[in-house]
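Numbered according to the numbering used here, the sequence shown spans residues 428 to 585. Beta carbons are placed, not taken as given, at the ideal position from N, Cα and C, and that holds for glycine. First comes the structure, then the notes that go with it.
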Amino acid sequence: MATLPISFTVETYPAQPIDENNFQEMLQRRTYTLLSTLEGKQRIAATHIEHSQAQQKERHDDKLPPVTNEFKIRNKVLLHRTKAEKQWSGKFENKWDGPFFIHEVLGNRSYKLRLDDKILAKVAHGDRLKHYNSRNNPEPLIPQIGTHFPLINPEDIP
428 MATLPISFTV ETYPAQPIDE NNFQEMLQRR TYTLLSTLEG KQRIAATHIE HSQAQQKERH
488 DDKLPPVTNE FKIRNKVLLH RTKAEKQWSG KFENKWDGPF FIHEVLGNRS YKLRLDDKIL
548 AKVAHGDRLK HYNSRNNPEP LIPQIGTHFP LINPEDIP
């Protein structure tokens with residue numbers, strides 16, 4: 428078994444002396460050799476980069492969920508209040524503003540919104556919007572006695 432420090436020797440080859448007269452010629456020949464291969468290697472590197480970027484885009488796009496909320500002009504939507512999401516003081520406040528109408532579709536899932544006749548200055552992304560379903564006759568939250576559940580006579584319970 429070896430103990431540290433281990434001493435070993437590496438053989439080196441003596442360098443040939445450089446002739447001062449041939450130095451400029453050797454330098455120019457080496458530079459020309461490097462430059463002549465550089466252009467081909469740059470093309471190969473560019474094709475490898477394009478291929479790698481295409482693969483990365485495919486993998487990224489595969490991980491994204493499918494786009495489900497495509498809105499059209501005059502759709503009623505609610506706008507998410509992202510500022511309220513990080514504030515604990517407004518814990519029980521409504522997280523959605525609206526309803527708004529889609530005024531204009533801008534592309535890249537961006538939309539201009541309108542509230543009655545007033546167009547909002549800021550653009551909203553589709554991730555912050557959801558469809559608004561209006562209730563004409565909302566159901567009562569507390570059921571009326573005897574309407575949903577039949578009345579039970581305590582004497583009938585075994």
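Excluding the 5 residues flanking residue i on each side, which residues of the same chain have their C-beta closer than 8 Å to its C-beta?
i      : result
Arg501 : Phe528, Ile529
Trp523 : Leu505, Leu506, His507, Arg508, Lys557
Lys499 : Ile529, Val532
Val494 : Arg536, Gly553
Glu485 : none
Taking the straight line between their C-alpha atoms, what separation do you get for residue i and residue j?
i      : j      : result
Gly467 : Asp489 : 33 Å
Ser434 : Asn448 : 41 Å
Arg457 : Ser463 : 10 Å
Gln443 : Gln480 : 46 Å
Lys518 : Asp554 : 21 Å
His478 : Glu497 : 31 Å
Asn563 : Glu582 : 41 Å
Gln483 : Val550 : 29 Å
His487 : Leu454 : 47 Å
Thr474 : Leu465 : 14 Å
Asp544 : Trp515 : 33 Å
Arg452 : Tyr459 : For the record, residue 452 in the displayed sequence is Glu; it is not Arg. Rounded to whole angstroms, Glu452 to Tyr459 spans 11 Å at the Cα level.
Leu461 : Ile471 : 15 Å
Residues in its own chain within less than 7 Å of residue i by CB, not counting five upstream and five downstream?
i      : result
His588 : Outside the shown range of the chain (428 to 585) lies residue 588, about which nothing can therefore be said.
Lys510 : none
Glu520 : Ala511
Pro526 : Lys503, Val504, Leu505, Tyr559
Helix, strand or coil: how does DSSP classify residue i here?
i      : result
Arg536 : coil
Arg541 : strand
So residue i and residue j are in contact, right, with Cβ under 8 Å, and what is the actual spacing, rounded?
i      : j      : result
Leu533 : Arg541 : With 8 Å as the limit, Leu533 and Arg541 do not qualify as a contact, their Cβ atoms being about 13 Å apart.
Lys513 : Tyr559 : Not really, about 24 Å apart at Cβ, beyond 8 Å.
Excluding the 5 residues preceding and the 5 following residue i in the sequence, name in chain order all residues of the same chain whose CB lies nearer than 6 Å to its CB.
i      : result
Glu438 : none
Go through the stretch 459 to 531 residue by residue and report every complete run of the alpha helix (DSSP H) that reaches 4 residues or more, in order. 509 to 512
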